[in-house]
Every structure is written in C-alpha cells, then in structure tokens.
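Participant: Mind having a look at this structure? Questions to follow.
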Amino acid sequence: MPPKKVIIIGAGLSGLSAASYLQMNGFNTEIFEMHSSPGGLCTSWKRKDYMIDGCIHFMIGSTESESTYPFWNGLIDMKKLDFVYSDQHCSVINGDNTINFYSDVDKLEQELLQKAPEDKKQIQWLIKGIRKFLKIKFPVEKPVEVMNLMDKLKAGIMILPFSIKMINALKISNKQFAGKLKNPYLRKAFKMIFVGELHLFSTMLIFVWRHNRQMGYPIGGAVKISTLMESNYLKLGGKITYNAKVSEIITENNRAKGIVLEDGQIHAADIVVSAADGRSTVYDLLHGKFRDKHIIERYEGSLFETIDKTLYVSIGVNKDFSKEDHKIYFFLKKPIRIDPKTILDYLDLTHYCYDPTAAPRGKTLFTLMPEALDWEYWKALRDNDIAEYNKQKERIASSIIEALDEHYGDIKKNVEMFDVATPATYIRYTGNWTGGQISWKAKKEITGKSSTWKIKGLENFYMTGQWTGVSGGLNHVVMMGNHVAQIICKDEKMTFSFNQK
Ligand SMILES: Cc1cc2nc3c(=O)[nH]c(=O)nc-3n(C[C@H](O)[C@H](O)[C@H](O)COP(=O)(O)OP(=O)(O)OC[C@H]3O[C@@H](n4cnc5c(N)ncnc54)[C@H](O)[C@@H]3O)c2cc1C
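Mapping to numbering that gives the first Met the number 0: the sequence shown position 358 is 357, numbers consecutive.
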C-alpha cells in the first residue's frame with residue numbers, strides 16, 4: 000500500500016512540527032502555506048540594517064532538563080544553537096525605585112524582600128512555590144489521548160510530589176496575587192509584567208525556567224528557528240507550497256477528502272490537518288458544518304477569551320545599549336493613546352544587543368509590545384483608510400521615541416529606523432483572527448480543558464497548534480505538532496516513532 004497522503008494547512012511551527020513527525024513516520028505529507036515564507040508568527044523581517052525578531056523573547060525547552068526539549072531536538076540539532084540566558088527576567092523602573100526580577104531564585108527572593116519587606120509572607124509563599132517546582136518534569140511525552148493505563152500511572156507519579164502546591168498556584172490568578180501585595184511599587188510591577196487573568200502557576204514557571212536556564216534566546220532569533228525547521232522537513236522528503244491560501248476543506252460523507260486553494264486548485268488527501276487559525280478553520284474552511292460541544296464552548300461561548308493584543312514596535316538606534324538591562328518596564332511622564340480602548344502609562348522595552356544578527360556592531364535594535372486592546376479598530380482602519388492607519392502608526396512611534404529620549408537621553412537624533420506592526424498586520428500575514436501574539440488567555444477557569452484535536456462527526460480531519468490547546472507558545476505548539484502525529488498514528492494503528500523510519 001502506498002503511504003497515506005496528509006495535507007497540512009499552515010507552515011507555522013505547529014504545522015512544520017506535525018508535518019515533520021508524520022513524514023518521519025512514513026506518511027506522504029504536503030504543507031500549504033498562504034504566506035511566502037515559513038514560521039507563521041515565529042518570523043523576522045529586515046528593515047534597513049536591522050533584522051527585527053518579531054517573536055522570540057524566550058524559547059522554553061532550550062536545555063535537555065526541560066520537558067519539551069525532546070520535541071525541539073527531534074527537529075533541530077539543538078546542540079548547534081547558541082542560547083543567551085539573561086540574569087534577570089526584567090527590571091521595573093519607577094523613578095528612583097527599581098525592582099529587579101532576577102533569574103536566580105535566591106537573588107530574586109533577596110531583592111523582593113529588600114524592596115517590599117511588608118510583603119514578606121506573600122513573597123516567601125511565591126518563592127517557596129518556585130523552589131518547589133525547580134525539579135518538576137511534566138509528563139508530556141505522549142498526549143493523554145494515546146496514553147495507556149501504565150502511562151497514566153507514570154504521569155501521576157511524576158506530578159504527585161508537586162500536586163498540592165500546583166493546585167494552589169493554579170487556583171489563584173496573577174491579579175489576585177498582586178491584589179494581596181501591600182507595597183504599591185511591587186503590586187504595580189507585578190500587574191505590569193504578568194497577565195492578570197493567567198494563573199500564578201504560569202508566573203512561577205517563568206522563574207523556574209529562568210533559574211534553571213531552560214528558557215533561552217537563540218542567536219539568530221525567530222527566522223533562524225523557522226528556517227531550520229523548514230530545512231529539516233524538506234530533508235525528510237516533505238513538500239511545502241507557499242503563497243497557497245486554503246479556502247475550503249473538502250468533505251464527503253462526513254470525511255475530509257482534501258482542500259481547495261483560493262485560486263481554485265483542488266488537492267486530494269487521505270487526511271487533512273489544520274495547523275492554521277482555529278476559528279477560520281471551523282467556520283470558514285469547514286463552513287461551520289462540523290461543531291461539537293468543545294468547539295462551541297471555545298468559539299461561541301465566553302469561557303475562552305483571546306489574549307490581550309499588542310502592537311509590535313521596533314526602533315533601530317545608532318548607539319550601543321549593551322550595558323543596559325535587556326528588558327525594562329518604565330513609567331511614562333505623558334500617557335500615550337494607542338487606540339480607542341488603550342491609553343498607556345508605561346512602556347516595556349527589550350534590546351537585542353546580545354544578538355549580532357539583530358543590528359550592526361555598536362547599534363541597537365529595541366522592540367516594544369505596547370497593549371493595543373482594540374484589535375477591531377486596527378483592522379477596520381487598515382481595511383478602510385490606509386493613509387490614516389499609517390499616520391496613527393507614525394504618531395505612536397514618535398511618542399515612543401520621545402519617551403525613550405526622555406528616559407535615556409540622546410535617542411531622537413540617533414534613530415535610524417522604526418517599524419510598527421499592529422493586530423491588523425498579524426491578521427494579514429498569519430490569519431490569526433484577532434491578531435494577538437498567542438491564542439487563548441490561559442485563565443485558571445480553562446485549566447485542564449482537553450485539546451480539540453478532532454471534531455466529533457468528521458473523520459480524517461485533525462487540528463493542531465495554538466488554538467487547539469489552551470494556549471500558545473513555541474515549545475507548546477512544537478509539542479502539539481508531535482502529539483497530533485502520535486494521535487494520527489494511533490488512529491491508523493501504527494506505532495509512532497521519534498526517528499525517521
Ligand atoms: C510578538 C510575539 C511575541 C511572541 N513571543 C513569544 C516568545 O517569546 N516565546 C514563545 O514561546 N512564544 C512567543 N510568541 C507566541 C508564538 O509565536 C505562537 O504561539 C506560535 O508561533 C504559534 O504557532 P502556530 O503554528 O500554532 O500558529 P501560527 O504561527 O499562527 O501559524 C499558522 C500558519 O498557518 C498559516 N495559515 C493560516 N490560514 C491559512 C490558510 N487558510 N491557508 C494556508 N495557510 C494558512 C499562517 O500563514 C501561518 O503560517 C510570540 C508571538 C508574537 C506574535
């Protein structure tokens with residue numbers, strides 16, 4: 000029997016991962032990608048002398064001790080990548096009062112106790128949690144859908160020692176934790192850095208990964224990672240067609256049969272996997288004909304919320320900032336209006352001086368991610384009035400440059416490049432429906448919800464990527480690409496292997 004043909008929609012990291020693991024397991028795979036290059040949200044773009052990393056601030060699973068490392072290492076030779084590990088997650092500057100969120104847990108504890116002694120009880124509770132989780136390993140080797148009794152037992156044993164502390168940290172949101180802090184600077188800092196509705200466990204894990212050096216920045220950034228994954232897939236014998244937007248998934252007798260491209264081309268397949276935006280997969284490509292209770296809960300109810308949107312502002316400066324903290328938050332003297340729903344009173348600023356591919360020697364690439372809550376405003380403006388859209392982007396960039404000049408001095412005259420991406424940019428280039436950086440807000444209310452790998456009532460069809468789980472993130476979607484391949488192998492009564500067959 001010839002190998003089964005699998006069509007994958009989307010060459011983001013989840014699509015590349017799924018296609019590679021399926022190809023390794025003997026399927027004949029082909030990816031159709033609407034954009035002209037791989038990576039989806041994990042991408043970089045050149046502006047003048049600067050290479051803007053439009054994605055990676057940190058890559059979880061950069062070292063072997065982290066649970067998701069094997070999913071990366073199955074696709075990229077991880078030992079060949081250079082990772083930078085920062086001594087601090089960020090610092091928050093409030094006039095003369097700076098709080099450093101150190102990567103090292105002992106230094107973090109000292110710093111927080113020194114800056115906010117009145118919050119000793121809460122700080123020690125947080126730090127105790129971080130220390131507890133330093134040794135955690137997640138049982139993620141297999142998705143729960145393919146686990147047998149023994150696997151489930153092993154998974155339970157792995158998690159058991161951490162379970163009480165984990166349940167407690169999952170029950171409380173960042174916002175609730177911040178609300179318990181008495182020190183106004185620490186409370187404000189906490190609210191700025193960590194998304195309020197996310198559970199505190201997610202914040203503890205950030206410090207676990209920082210302390211353990213399991214979350215690094217790869218030199219070369221997003222474009223390096225996505226092109227390495229693309230070339231690995233092509234070496235495995237896979238095929239990618241770019242500039243090929245899928246407009247429909249063909250179904251017959253409740254089975255997926257192939258796809259139709261925007262230009263009318265039809266491609267038949269035994270199995271179709273969508274690694275593209277979840278909402279458009281269900282409601283546009285499948286015309287909303289297949290909706291089970293899990294899909295309805297996600298896309299038609301209020302329990303699942305999409306993540307708050309941001310702009311992505313990049314500024315190239317002819318000056319060296321390598322001695323400065325790599326990521327800071329600071330308050331604005333004059334608030335900046337971003338859109339009808341967002342007025343900012345602080346900025347977060349990252350520099351990439353540790354990556355020689357980001358800017359020429361002696362120069363600095365800065366990126367900022369100011370909140371832009373009104374994604375519909377940005378989309379409508381881009382669609383209906385491009386001149387005004389560009390004017391608004393310039394206005395915001397000028398206000399930010401002005402604020403950086405006030406903060407550091409000597410910036411304005413050294414600016415060589417600026418670039419502003421909006422939610423409309425992400426919608427245009429990646430099809431993600433609300434133009435956010437990731438999919439859902441990983442709120443405590445959706446913790447433990449199962450992934451929507453399949454839709455009940457439709458055979459030979461699967462989904463993967465950031466809309467299928469409860470959240471996104473690079474290591475997570477690379478793992479999900481592997482997991483959907485395992486599920487397909489199980490359905491096809493094949494033994495899944497991590498290595499090429
Ligand atoms: C500014 C920013 C910063 C981020 N920072 C980090 C970080 O530091 N660390 C981290 O881990 N994660 C980060 N993320 C999140 C991470 O990038 C995403 O969660 C992840 O890349 C999502 O991968 P995906 O494959 O699921 O989806 P996508 O990357 O959205 O891929 C989907 C692909 O499908 C294609 N597609 C869509 N519709 C169609 C169609 N109809 N036909 C054909 N192709 C189609 C798209 O063009 C795209 O290539 C960041 C994201 C952004 C935007």
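Cβ coordinates follow ideal geometry from the N, Cα and C atoms, glycine included.
Below 7 Å, is the gap between the Cβ of lysine 276 and the nearest heavy atom of ligand 1?
Facilitator: The residue asked about is misnamed: residue 276 is aspartate in this sequence, not lysine. Result yes, Cβ under 7 Å from ligand 1.
Participant: Residues in its own chain within less than 6 Å of tyrosine 181 by CB, not counting five upstream and five downstream?
Facilitator: Per the sequence shown, residue 181 should be read as lysine rather than tyrosine. Taken in chain order, the residues that qualify are Glu117 and Asp118.
Participant: Under the rule that 16 or more other beta-carbon atoms within 10 Å means buried, what is lysine 340, buried or exposed?
Facilitator: The residue in question, lysine 340, is exposed, as its Cβ has fewer than 16 Cβ neighbours within 10 Å.
Participant: With 16 other CB atoms within 10 Å as the buried threshold, where does glycine 14 fall?
Facilitator: Glycine 14 is buried by the Cβ-count criterion.
Participant: Taking DSSP as the reference, what is the three-state secondary structure of methionine 516?
Facilitator: Because the chain in this structure spans residues 0 to 500, residue 516 falls outside the shown range and cannot be described.
Participant: Give the C-beta separation of glutamate 370 and isoleucine 337 to the nearest angstrom, bearing in mind that I take them to be a contact with Cβ-Cβ under 8 Å.
Facilitator: At roughly 7 Å, the Cβ-Cβ gap stays under 8 Å, so glutamate 370 and isoleucine 337 are in contact.
Participant: To the nearest angstrom, report how far apart leucine 227 and methionine 214 are at their CA atoms.
Facilitator: For leucine 227 and methionine 214, the distance between alpha carbons rounds to 19 Å.
Participant: Under 8 Å between the Cβ atoms of threonine 429 and proline 422?
Facilitator: Against a cut-off of 8 Å, the Cβ pair of proline 422 and threonine 429 comes out as no contact.
Participant: Does the distance between the C-beta of valine 476 and the nearest non-hydrogen atom of ligand 1 fall short of 7 Å?
Facilitator: Result yes, Cβ under 7 Å from ligand 1.
Participant: Please work out which residues of its chain come closer than 6 Å, Cβ to Cβ, to tryptophan 377, disregarding the five sequence neighbours upstream and downstream, and give them in chain order.
Facilitator: Cβ neighbours of tryptophan 377 beyond the five flanking positions: Thr421, Pro422 and Ala423.
Participant: Kindly indicate which three-state DSSP category tyrosine 328 falls into: helix, strand or coil?
Facilitator: Correct three-state label for tyrosine 328: strand.
Participant: Taking the C-alpha atoms as reference points, what is the distance between arginine 290 and isoleucine 6?
Facilitator: One C-alpha to the other measures close to 21 Å.
Participant: Would you give the residue range spanned by the alpha helix (DSSP H) that serine 13 belongs to?
Facilitator: It spans 12 to 23 - the alpha helix (DSSP H) in which serine 13 sits, taken as one unbroken run.
Participant: Looking at tryptophan 439: is its Cβ nearer than 8 Å to the Cβ of serine 397?
Facilitator: Their beta carbons are not under 8 Å apart, which means tryptophan 439 does not touch serine 397 by this criterion.
Participant: Do alanine 18 and proline 37 have their beta-carbon atoms positioned less than 8 Å apart in this structure?
Facilitator: Cβ atoms of proline 37 and alanine 18: not closer than 8 Å.
Participant: Within the present structure, is the beta-carbon of histidine 482 separated from the nearest heavy atom of ligand 1 by less than 7 Å?
Facilitator: No, Cβ of histidine 482 sits at least 7 Å from all heavy atoms of ligand 1.
Participant: Any heavy atom of ligand 1 inside 7 Å of the beta-carbon of serine 279?
Facilitator: Answer for serine 279: yes, Cβ within range of ligand 1.
Participant: Less than 7 Å separating the Cβ of glutamate 32 from some heavy atom of ligand 1?
Facilitator: Glutamate 32 Cβ: within cutoff of ligand 1.
Participant: At which residues does the beta strand (DSSP E) containing glycine 315 begin and terminate?
Facilitator: Per DSSP, glycine 315 belongs to the beta strand (DSSP E) from 311 to 316.
Participant: What separation, rounded to the nearest whole angstrom, lies between the Cα atoms of serine 419 and leucine 310?
Facilitator: One detail in the question is off: residue 419 reads as valine in this sequence, not serine. C-alpha separation (whole angstroms): 7 Å.
Participant: According to DSSP, which residues form a beta bridge with methionine 462?
Facilitator: Methionine 462 is bridged to Ser273.
Participant: Out of curiosity, what's the CA-to-CA distance linking alanine 243 and tyrosine 461?
Facilitator: Whole-angstrom Cα-Cα distance: 20 Å.
Participant: Going by beta carbon distance, what residues of the same chain come within less than 7 Å of phenylalanine 320, once the five residues before and after it are set aside?
Facilitator: These residues qualify, in order along the chain: His350, Cys352 and Thr363.
Participant: Secondary structure at isoleucine 437, three-state DSSP: helix, strand or coil?
Facilitator: It is coil, neither helix nor strand.
Participant: So which of Pro334, Pro138, Leu148 and Gly178 has the shortest CA-CA distance to leucine 159?
Facilitator: The shortest C-alpha separation from leucine 159 is found at Pro138.
Participant: Below 7 Å, is the gap between the Cβ of methionine 462 and the nearest heavy atom of ligand 1?
Facilitator: False, no ligand heavy atom lies under 7 Å from that Cβ.
Participant: At the 8 Å Cβ level, is leucine 199 part of the contact set with chain D, yes or no?
Facilitator: Judged by its chain identifiers, the structure shown contains no chain D, having just a single protein chain.
Participant: Confirm, please, whether the CB-CB distance from asparagine 99 to serine 90 is below 8 Å.
Facilitator: Yes. Within cutoff.
Participant: State yes or no: is the C-beta of cysteine 41 within less than 8 Å of the C-beta of serine 225?
Facilitator: A contact, by the Cβ cut-off of 8 Å.
Participant: Cβ of phenylalanine 505 versus every heavy atom of ligand 1: is any distance shorter than 7 Å?
Facilitator: Any question about residue 505 goes unanswered here, given that the chain covers just 0 to 500.
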